[in-house]
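Participant: In terms of UniProt numbering, the sequence shown opens at residue 1 and continues consecutively. One structure, pasted below without further comment.
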Amino acid sequence: MFKKLFSYLIPMNIFKQKSRISQSLEITWANGELVLDSKNTNYSYGSLQRILRKGLQNIGFDKIVSMEHILVLGVAGGSVIKTLVDEIRYQGKITGVEIDPEIITIANDYFNLNAIPNLEIKIDDAFEFVFKTKDSYDLIIIDVFQDTVMPNFLFESYFIDRVGFLMQKNGFMLFNTMILNESHNERNQNYCSQFNTKHYLVKKIPRIEQHNELIVVEKLGK
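This is the structure in structure tokens:
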């Protein structure tokens, strides 16, 4: 309790662990809330939760609550899942894909992720999972980082096409990206241009929490 109260003045680290995949993972009390950070960025809760909540608000909580199946690529501590379950009161199926099993252990221990009954966690590479799954999804949330680095495959046409194929008609994709330089701006612009405007609506929500840009894609139905 002391550390929680003191965290309104200064962040209070309570746990630190090295990870083979994520390198450094830390649990910290910050402004009275537990957050999960990597070496250089927030991985869950804190600013990341605010960022993805804004994207979900843009889609519409009323639309999300009626969806049947949501896919989360990049679970980390599970803050976006907590938003879905605790704030939106989503009761449909959630499939979370996370490559780092150590993060899931931390998420279970500190954030009670394993207490969510409608959540199924898959320890898998997001790239491989997307090409293996036989399900389709009403919402696909992509939040795949290794510290501040986004894997190149996220922006390749074959991955984009596959994600589009997995989206239900009238479904959505919410993609969290990081903009650190002008080449990243150009990368995101090129990403958006790869969606055929006859079949998709694409919008960007720029400069959230300084360096993040959300891309929201809606798959048009007939």
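The C-beta atom is built at its ideal place from N, Cα and C for all residues, glycine as well.
1) Have a look at M67, D62, N181, I121 and flag the residue whose alpha-carbon is nearest the alpha-carbon of L73.
2) I'd like to check one pair, S136 with Q168: are the Cβ atoms closer than 7 Å?
3) Using a Cβ-based criterion (distance less than 6 Å to any ligand heavy atom), does K219 qualify as near the ligand MN?
4) Going by DSSP, name the residue or residues bridged to S157.
5) Which residues does DSSP list as the beta-bridge partners of S24?
6) Per DSSP, Q49 forms a beta bridge with which residues?
7) Classify H69 as helix, strand or coil using the three-state DSSP reduction.
8) Please report the residue range of the beta strand (DSSP E) in which P206 lies.
9) If you draw a straight line from the C-alpha of I64 to the C-alpha of Q49, how long is it?
10) In three-state DSSP terms, what is I121?
11) In whole angstroms, what is the alpha-carbon distance linking N176 and E33?
12) How long is the line joining the alpha carbons of K16 and V130, rounded to whole angstroms?
13) Just the Cα atoms here: how many angstroms apart are V85 and L113?
14) So what's G55 in DSSP terms, helix, strand or just coil?
15) Inspect the CB distances between the stretch 50-58 and the stretch 207-216 and report whether three or more fall short of 8 Å.
Facilitator: In this structure, then:
1) I121
2) If you check the CB distance, Q168 and S136 come in under 7 Å.
3) Within the structure as shown, the ligand MN is missing, as the structure has no ligands at all.
4) S157 is not bridged to any residue.
5) K18
6) BP columns for Q49 are empty, so no partner.
7) strand
8) 200-208
9) 17 Å
10) strand
11) Computed Cα separation, rounded: 22 Å.
12) Rounded to the nearest angstrom, the two C-alpha atoms are 31 Å apart.
13) 11 Å
14) helix
15) yes
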